[in-house]
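All remarks here apply to the structure that follows.
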Amino acid sequence: MSAVATERQDGRLARLTEPRSIGILGIVLGLLAFWLALPPWTVRFEGAPIAAGIAAAAAGLWAFMRDERRIGTFALVAAALGTAAAIWAQGREVSSLEGVVSVGLVAATLRYATPLAFAALGGIFSERAGVVNIGLEGMMLAGAFFGIFAAVKGEHWTVGLLGAMAAGGLLAAIHAFFSIHLRADQIVVGTAINFLALGVTGYLFRYIYKEEGTPSDVSRIPELSVPGLRDVPFLGDVIGEMSLMIWLVIILLIVGYLILFKTPTGLRLRSVGEHPKAADTVGISVFAVRYIAVISSGMLAALGGAYLSIGFVGSFNENMTVGRGFIALAAVIFGKWHPFGAAAGCLLFGFSSGLAQRLQGEADISANLLSTLPYVLTLIALVGLIGRSRPPAAVGRPYVKG
Amino acid sequence: MSTDEGSEHERPDPPEGGVPGGPGTNRSDAPTGGGPGGGGGGERLARWFSGRIGGFLVPAAAAFLAFLVGGVVVLATGHNPLGAYKAIFEGTGLNVASYFSEDSRQSAWGDLQQTLIVFTPLVLGAIAVAFAFRCGMFNIGGQGQYLVGLFAALYVGVNFDGLAAPLHILLASVAAVAAGAIWGGIAGFLKAAVGAHEVITTIMLNWIAVFGGQYLFELGGPLQGANPSVPRSETVVESAQLPEFPGSTGLQPLHIGVLVAVSALAVYYVILNRTTLGYGVRAVGFNPEAARYGGIPVGRNYFLALAISGAFAGLGGAMDVLGWKFTVATNDIQVSDVGFIGIAVALLGRNKAVGIFFAALLFAALRTGTSTRQLDAETFPPELAGNLSTMIQALIILFVGAELLIVYIWGARRRFRPAGPVRIQPGLKQ
């Protein structure tokens, strides 16, 4: 027993000096270079970020020379960007930086990450069962529209959430029927779903709400005020009063993790995604599992959309999801088809959106240019991680019984 | 199309290498084309559907079904679907009857010019999708590639005043082709180098092109025109504007870009079917593992296929800005959807040159017929019609990808007798 434990300990120590770990250290140092210049540190000595940057570059180079090409490149990029950004930030007033980097940024990050996290969790369920869900974007959009539509009709946001889930589930059921029963290419079906949602929501939006748009007095998803959490230092203002949906997605991520990895149901679902024939042999209905997985993914994505329309923004616009479903999909890959990993990806993209939004007010950078930030970051994250990220074995392939 | 293509198209859906399962997923449980209805009869019918006649029938049936469902939506929202479709058709200039009457000939020709102006970028956008498709990839980035091409052509077309007309046009088009190729090539490179899925990378590149473009022409943006209060580019100078098509009239005359588009279809056919490059692209699309084994560089073909796709889309952007729009405003950029319609065109046209021609004509007609200028708001409100055509496109993509559905409906309509005495396991459950 103890021998095994020691061996494991040794293994852990050895891993710290591996090129990969050094490369990751380089990335962290590169980010640190930038962070030093920001509140609450606001170091105004140019040597500090430059020193951190050089250390990051050295670590990156070291990793690069030892065949950790990708991590090494990342560290080098982080070093260059981190140092440059730090020197830029040092040239600015502390007060204007505080406007950007504050507890408000945490709140914005969470707000932007939440719809993504709903859709990403849905994507994980669908893909773990072996069905690629490119249609997340459309299901989110349907959730956004039918969420506000039902909330207006039912005069309560709970009706809105139910309406969103019904719409997302229906759209997902179409996706499921075409990709499972009719064995159409799942990516083509997903694309069709996206267009369908765009057309249907646009048509109904113009037909029902005409030029006036959605009513402004719609019942919104409330903020949940938790008295005890208000007193937490620094974060208290954010987590003490957060949207109900943010709490919901945190709970759902944990529940999703437990279902997928700690229950027989989850094992069945994953087996269908990894080796459907084997699952079928032991009596698991591949079709039933896939239907349930895809439909629940549509419902989850629709909840994310509903949070946009009746939680975050308070109105609906044509194509208001602007690619968020695809960013969620990237977060799934980023997080290696694991709920917590995907949540980390969503936080990263949420952070870049939040940063872009807050920088618009403070810095003289074009809002449009900043809007590209989440998409550029998604690309970089994909390039950096996809090689290490292995999808479920049977994803994208229709199952033919017999 | 040529005979040797027929055999390759037993399964005209995109090859399975294009999904995140990674290349070479043609394993045991890949679909074999067994139809419902059971037995050999269904099998034979399914094969027949994806064969020569089916190559036309399935898209036609898909389009018919899509219009049918669209009609139901129109009906459900209190409009007459037949009236709406007729009004849309009248606005396309494709009604041959109107050319026989002296009064309607002029306006019909004007409508037809408009349809053909829209047809041009749709053909090029569809080739961008189709070319990548034949290499086993799904290029959703036609929109971004079209936009960067448009920006590049616009930049050259606005500057370099004083160049001779044909040279200036050529230079602007080359810039657009290069920009599109780079934009597509980025996604191709990422797929080849690290295996990043092209669907996600091209979509990210689309949004980067949209917001990047809005940045270029916004107030105070680097390429904003002379009027400081309007977020709009400068206008393309005379020498870079495409010549008008002979006999064209009206405020928005047809430009010769339509000939470029048709020639591009021929180029597409030749590259794909008559060159080594095309052979490699098709081999990779058919089965990347086998292609690799046969010594074809798979990664290089991924890169080339997406770069060439991007080049076609970029050329589409050039044709639009040099022949029709001449300028771009920030709010034109986000609403532009040529590249997206290109996906539907390519799928409906089955990635074949002739198919793309007819599919592009259909979608261009749909676009023109549903435009605010053409459609009488009394019969059917144009703002609804635009979304209706998006819906119809979606349904066409959905139905055309699911041949089994057509076989299903066909089978339900007319029972065919089983071919053999033994009913083997049906291809589908239930």
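Residue numbers (my numbering), protein chains in the order written: chain A, 1 to 402; chain B, 1 to 430.
Glycine included, C-beta positions come from ideal geometry on N, C-alpha and C.
This one's a predicted model, so the numbers in the text were calculated from it and none came from an experiment.
Exposed or buried, what is residue i when buried is set at 16 or more other beta-carbons lying within 10 Å of its beta-carbon?
{"i": "Val129 of chain B", "result": "buried"}
{"i": "Gly303 of chain B", "result": "Strictly speaking, residue 303 of chain B in this sequence is Phe, with Gly absent from that position. With 16 or more other Cβ atoms within 10 Å, it is buried."}
{"i": "Leu82 of chain B", "result": "exposed"}
{"i": "Ser126 of chain A", "result": "buried"}
{"i": "Phe340 of chain A", "result": "exposed"}
{"i": "Tyr435 of chain B", "result": "With chain B represented from 1 up to 430, any question about residue 435 of chain B goes unanswered, as that position is not in the structure."}
{"i": "Glu102 of chain B", "result": "exposed"}
{"i": "Pro121 of chain B", "result": "buried"}
{"i": "Phe261 of chain A", "result": "exposed"}
{"i": "Leu68 of chain A", "result": "The residue you asked about is not Leu; residue 68 of chain A is Glu in the sequence shown. Classification of Glu68 of chain A: buried, given that the 10 Å Cβ count is 16 or more."}
{"i": "Ser271 of chain A", "result": "buried"}
{"i": "Val383 of chain A", "result": "buried"}
{"i": "Asn331 of chain B", "result": "exposed"}
Would you say residue i and residue j are within 7 Å of each other, going by their C-beta atoms?
{"i": "Val123 of chain B", "j": "Ala318 of chain B", "result": "no"}
{"i": "Pro149 of chain B", "j": "Ala179 of chain B", "result": "The question names Pro, but residue 149 of chain B is Gly in the sequence shown. Contact flag set, yes."}
{"i": "Gly144 of chain B", "j": "Ala209 of chain B", "result": "yes"}
{"i": "Ala172 of chain A", "j": "Val294 of chain A", "result": "yes"}
{"i": "Thr390 of chain B", "j": "Thr327 of chain B", "result": "no"}
{"i": "Leu253 of chain A", "j": "Ala343 of chain A", "result": "yes"}
{"i": "Ile327 of chain A", "j": "Thr372 of chain A", "result": "no"}
{"i": "Gly130 of chain A", "j": "Gly273 of chain A", "result": "yes"}
{"i": "Gly350 of chain A", "j": "Tyr203 of chain A", "result": "no"}
{"i": "Ala311 of chain B", "j": "Val177 of chain B", "result": "yes"}
{"i": "Gly91 of chain B", "j": "Ala108 of chain B", "result": "no"}
{"i": "Val432 of chain B", "j": "Ala175 of chain B", "result": "As shown, chain B starts at 1 and ends at 430. That puts residue 432 of chain B outside it, with no answer to give."}
{"i": "Val188 of chain A", "j": "Ser179 of chain A", "result": "no"}
{"i": "Phe184 of chain B", "j": "Ala307 of chain B", "result": "Going by the sequence as given, residue 184 of chain B is Gly instead of Phe. Contact flag set, yes."}
{"i": "Phe334 of chain A", "j": "Gly345 of chain A", "result": "yes"}
{"i": "Gly70 of chain B", "j": "Ile392 of chain B", "result": "yes"}
{"i": "Tyr279 of chain B", "j": "Ala353 of chain B", "result": "no"}
{"i": "Ala51 of chain A", "j": "Leu29 of chain A", "result": "no"}
{"i": "Thr115 of chain B", "j": "Ala364 of chain B", "result": "yes"}
{"i": "Val238 of chain A", "j": "Ala107 of chain A", "result": "yes"}
Could you round the C-beta distance between residue i and residue j to whole angstroms and report it? I think they count as a contact, below 8 Å.
{"i": "Leu116 of chain A", "j": "Gly256 of chain A", "result": "That belief does not hold up - the Cβ atoms of Leu116 of chain A and Gly256 of chain A are roughly 14 Å apart, past 8 Å."}
{"i": "Arg134 of chain B", "j": "Leu348 of chain B", "result": "Their Cβ separation, rounded to whole angstroms, is 16 Å, which puts Arg134 of chain B and Leu348 of chain B out of contact at 8 Å."}
{"i": "Met242 of chain A", "j": "Leu110 of chain A", "result": "7 Å"}
{"i": "His181 of chain A", "j": "Ile193 of chain A", "result": "Contact doesn't hold; Cβ gap of about 15 Å is too wide."}
{"i": "Pro228 of chain B", "j": "Phe217 of chain B", "result": "About 12 Å separates the two Cβ atoms, so there is no contact after all."}
{"i": "Val159 of chain A", "j": "Ala151 of chain A", "result": "6 Å"}
{"i": "Gly305 of chain A", "j": "Gly147 of chain A", "result": "6 Å"}
{"i": "Leu395 of chain B", "j": "Ala187 of chain B", "result": "Actually they do not touch by this definition, with Cβ atoms about 27 Å apart."}
{"i": "Ala431 of chain B", "j": "Ala172 of chain B", "result": "This structure does not reach residue 431 of chain B, given that chain B is present from 1 up to 430, and the question cannot be answered."}
{"i": "Asp38 of chain A", "j": "Ala59 of chain A", "result": "Note that residue 38 of chain A is Leu in the sequence shown, not Asp. About 22 Å separates the two Cβ atoms, so there is no contact after all."}
{"i": "Ala305 of chain B", "j": "Ala132 of chain B", "result": "5 Å"}
If you follow the beta strand (DSSP E) that residue i is part of, which residue opens it and which one closes it?
{"i": "Ser225 of chain A", "result": "223-225"}
{"i": "Glu198 of chain B", "result": "Looking at the DSSP string, Glu198 of chain B is not in any beta strand (DSSP E); the run it does join, the alpha helix (DSSP H), is 198-217."}
{"i": "Gly243 of chain A", "result": "Before going on, a small fix: residue 243 of chain A reads as Ser here, not Gly. Element bounds for Ser243 of chain A: 241-243."}
How far does the alpha helix (DSSP H) with residue i in it extend, from its first residue to its last?
{"i": "Glu383 of chain B", "result": "382-400"}
{"i": "Pro121 of chain B", "result": "102-134"}
{"i": "Glu127 of chain A", "result": "103-128"}
{"i": "Pro264 of chain A", "result": "264-274"}
{"i": "Thr158 of chain A", "result": "157-176"}
{"i": "Pro19 of chain A", "result": "19-36"}
{"i": "Tyr293 of chain B", "result": "288-293"}
{"i": "Pro83 of chain A", "result": "Per the sequence presented here, residue 83 of chain A reads as Thr, with Pro not at that position. Run containing Thr83 of chain A: 69-90, per the alpha helix (DSSP H) assignment."}
{"i": "Leu308 of chain A", "result": "No alpha helix (DSSP H) holds Leu308 of chain A; DSSP gives it neither H nor E."}
{"i": "Val335 of chain B", "result": "330-335"}
{"i": "Val194 of chain B", "result": "165-194"}
Is residue i close to chain C? Criterion is C-beta to C-beta, closer than 7 Å.
{"i": "Tyr291 of chain A", "result": "The chain inventory of the structure shown lacks chain C, comprising the protein chains A and B."}
message: Residues of the segment 183-212 of chain A in Cβ contact with chain B at a cutoff of 7 Å, in chain order, please.
response: For the segment 183-212 of chain A, the beta-carbon criterion of a distance under 7 Å to any beta-carbon of chain B is satisfied by Arg183, Ala184, Asp185, Gln186, Ile187, Val188, Val189, Thr191, Ala192, Phe195, Leu196, Leu198, Gly199, Val200, Gly202, Tyr203, Arg206, Tyr207.
- request: Compile a chain-ordered list of the residues in the segment 46-79 of chain A whose CB is closer than 9 Å to at least one CB of chain B.
  value: Correct list: Arg70.
- prompt: Using a beta-carbon distance cut-off of less than 7 Å, what residues from the segment 373-392 of chain B approach chain A?
  reply: Considering only beta carbons, the part of the segment 373-392 of chain B lying closer than 7 Å to chain A consists of Glu383, Leu384, Asn387, Leu388, Thr390, Met391, in chain order.
Residues of the segment 196-214 of chain B with Cβ closer than 7 Å to any Cβ of chain A, in chain order: Look at the segment 196-214 of chain B: the residues with a C-beta under 7 Å from a C-beta of chain A are Ala196, Val199, Ile200, Thr201, Ile203, Met204, Trp207, Ile208, Phe211, Gly212, Gln214.
task: Check each residue of the segment 321-338 of chain A: if its Cβ is closer than 9 Å to any Cβ of chain B, include it; give the result in chain order.
output: Those residues of the segment 321-338 of chain A placed with their C-beta closer than 9 Å to a C-beta in chain B are Val322, Gly323, Phe326, Ile327, Leu329, Ala330, Ile333, ordered along the chain.
query: Of all the residues that make up the segment 166-179 of chain A, which are near chain B by a beta-carbon distance shorter than 8 Å?
result: Result list: Ile174, Phe178.
task: Could you please tell me which residues of the segment 56-84 of chain B, in chain order, have their CB closer than 8 Å to any CB of chain A?
output: Those would be Val73, Thr77, in chain order.
field: Contact set between the segment 142-172 of chain B and chain A, restricted to residues whose Cβ is under 7 Å from the partner
entry: Taking a C-beta cut-off of 7 Å against chain A, none of the residues of the segment 142-172 of chain B qualify.
Members of the segment 350-371 of chain A near chain B, C-beta cut-off 7 Å: Within the segment 350-371 of chain A, those residues whose Cβ lies closer than 7 Å to any Cβ of chain B are, in chain order, Ser366, Asn368, Leu369, Ser371.
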